[in-house]
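Undergrad: Numbering (our numbering), first residue to last: 4 to 119.
Every residue gets a Cβ at the ideal spot worked out from N, C-alpha and C, and that includes glycine.
What follows is a single structure, and I will ask about it in a moment.
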Amino acid sequence: MANEGLFGVHGAALSLRSQRLSMLASNIANAATPNYKARDLDFETALASVSRGGSAEDAAEEAVSYRIPISPSLDGNTVELSTEQTLFAENAVQYRTTLSFLEGRIGTLKRSLKGE
């Protein structure tokens with residue numbers, strides 16, 4: 004990664020969290036779609052793959068899995084809305100935390116370049 008020296012793995016983490024947010028949002032949007040299969044991204048597995056030198060996009064593709072519902076619906080849809088909403092909220096907080104860390108790092112670099 005081009006930005007690995009400045010931001011370490013945090014840039015890739017932000018990308019993976021963003022991809023997971025999109026996936027969870029898609030699950031929520033399709034909660035009433037017959038035969039829709041809920042998917043999720045295993046963040047820890049994807050981040051470990053990036054840490055070993057893989058790209059965030061490849062790691063995300065490898066870490067996607069279908070969710071097994073606790074109580075499957077009759078129409079074949081595996082989205083459990085409460086689960087998806089909880090995971091979305093947790094991931095959104097983690098995304099914001101990673102973003103705040105990166106913003107702080109960029110602010111430090113700016114101040115350093117200005118000589119403050």
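Run the CB neighbour count on Leu9, radius 10 Å, all protein chains shown included, and call it buried at 16 or more, exposed below.
TA: exposed
Undergrad: Using the three-state DSSP reduction, which class does Ser58 fall into: helix, strand or coil?
TA: Look at Ser58 here: in three-state DSSP terms it is coil, with no helix or strand label.
Undergrad: Should Ala5 go down as buried or exposed, given a rule of 16 or more other Cβ atoms within 10 Å for buried?
TA: Note on Ala5: pLDDT 40, under 50, position unreliable in the model; no value is reported.
Undergrad: In whole angstroms, what separates the C-alpha of Asn94 from that of Ala59?
TA: 17 Å
Undergrad: Can you give me the C-alpha to C-alpha distance between Ala62 and Val53, rounded to a whole angstrom?
TA: Straight-line Cα distance between these residues: approximately 6 Å.
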